[in-house]
Structure formats: structure tokens, C-alpha cells
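Numbering (the numbering used here), first residue to last: 13 to 189.
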């Protein structure tokens with residue numbers, strides 16, 4: 013016997029691989045998109061963002077110790093989880109790299125509130141209805157402003173990080189004359 017099992021499918025030839033690569037690349041492009049950047053710990057600043065235990069956090073305080081006799085300077089970072097509000101901390105050598113999440117803020121016009129979800133429209137006229145009305149002070153402000161005068165244009169800012177989104181703020185649109 014030659015050692016080749018005819019029941020197993022044979023590997024595709026180079027021509028078939030070339031045809032398959034186009035389909036495969038499209039499928040992987042979105043899933044493989046980087047959600048963070050490596051940055052040097054010493055370059056982190058208060059108000060910036062960092063991943064602690066793979067959770068996006070906003071830096072509230074950062075202190076750097078001086079290098080000791082046998083070691084490098086250390087950065088002690090205090091940060092608050094963006095979504096849960098939980099305080100977290102990280103201690104890292106100043107020369108080491110930490111993960112900084114890629115953040116995005118988008119503004120939408122509020123069109124409607126139904127079943128606890130916001131109907132939002134972006135600047136291109138695209139609608140989305142997958143963001144929940146927050147159950148906090150911002151949510152109360154959105155609801156009360158919308159119910160008081162449905163004709164008033166409310167601008168909702170949505171903060172996006174690590175594939176998660178939350179409503180960050182709301183304001184009334186001011187007319188530009």
C-alpha cells in the first residue's frame with residue numbers, strides 16, 4: 013500500500029486555493045479586526061483607555077514609581093470599567109506594553125423610543141434600533157426630553173469599544189442658521 017487513503021479528500025491544487033482565498037479573506041476581515049493597540053505603559057495618561065483583564069477601562073489616576081536598585085520604574089494605574097463602573101487597577105513596568113482599546117463615538121438623531129429600545133438615525137439616514145434605553149440618569153433625560161416634546165431633535169452619542177456599545181450622552185440639537 014502506498015500510504016494514501018483514497019477516502020480522504022485530496023488537498024486542493026494551487027488554482028483552487030487561489031479561487032478560495034477571495035471568499036475566505038472577506039469572511040475573516042471583520043472578525044480579525046484589531047480592537048486594541050499595544051502602547052507603552054509610561055505613555056498612558058489620565059482620561060485615556062486601557063484593557064485590564066480584557067475589560068475596557070478609563071484611566072482615573074496613574075502614578076509612576078522611581079526605578080529601584082534592582083528594577084525598573086513601575087506604573088500603578090487606577091481605572092474604572094467603562095460598562096460596569098467597577099474600579100480596577102494594574103501595575104506594570106513603565107517600559108512594558110499594555111493594551112489600549114480602540115474607541116469610537118458616533119452621534120445619532122433620536123427618532124423614537126419603543127419597547128425600551130432607541131430608534132436612531134445616523135448622518136447618512138441609516139436607521140438602527142438595537143441600542144437599549146439606558147437605565148440611568150442619561151436614560152431618564154432621554155425619555156423625559158422625548159416625552160415632553162417629540163418634535164425636539166435629540167442627539168444621542170453612542171460610545172463603542174471592544175464590540176460593545178453604550179449611550180454616553182444626549183443633547184438637544186441647536187439650529188445652525
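Note that beta-carbon positions come from the ideal geometry of N, C-alpha and C, so glycine has one too.
{"Check": "Look up residue 78 in the DSSP assignment and say whether it is helix, strand or coil.", "Outcome": "coil"}
{"Check": "Give the range of the beta strand (DSSP E) segment to which residue 152 is assigned.", "Outcome": "Run containing residue 152: none in the beta strand (DSSP E); it sits in the alpha helix (DSSP H), 149-160."}
{"Check": "For residue 141, which residues of its own chain have a beta-carbon under 6 Å away from its beta-carbon, when the five flanking residues on both sides are left out?", "Outcome": "129, 131"}
{"Check": "Out of 164, 153, 117, 138, which has the shortest C-alpha to C-alpha gap to residue 170?", "Outcome": "117"}
{"Check": "In the structure shown, what three-state DSSP assignment does residue 126 receive?", "Outcome": "strand"}
{"Check": "Relative to the C-alpha of residue 51, which residue among 96, 176, 145, 107 is closest?", "Outcome": "107"}
{"Check": "Hey, could you find the ends of the beta strand (DSSP E) residue 111 is sitting in?", "Outcome": "109-113"}
{"Check": "Could you please give me the residues that DSSP links to residue 118 through a beta bridge?", "Outcome": "170"}
{"Check": "Counting along the chain, where does the beta strand (DSSP E) carrying residue 145 start and finish?", "Outcome": "Unbroken run through residue 145: none, as it is neither H nor E."}
{"Check": "State the Cα-Cα distance for the pair residue 114 and residue 70, rounded to the nearest angstrom.", "Outcome": "12 Å"}
{"Check": "Does DSSP put residue 84 in a helix, in a strand, or in coil?", "Outcome": "coil"}
{"Check": "Under 8 Å: do the stretch 169-186 and the stretch 142-150 share three or more Cβ pairs, one atom per stretch?", "Outcome": "yes"}
{"Check": "Flag residue 68 as yes if its beta-carbon sits less than 8 Å from any beta-carbon of chain B, otherwise no.", "Outcome": "Among the protein chains of the structure shown there is no chain B, as only one such chain exists."}
{"Check": "Where DSSP assigns a beta bridge to residue 181, which residues make up the other side?", "Outcome": "169"}
{"Check": "Nearest-angstrom Cα distance between residue 127 and residue 146?", "Outcome": "12 Å"}
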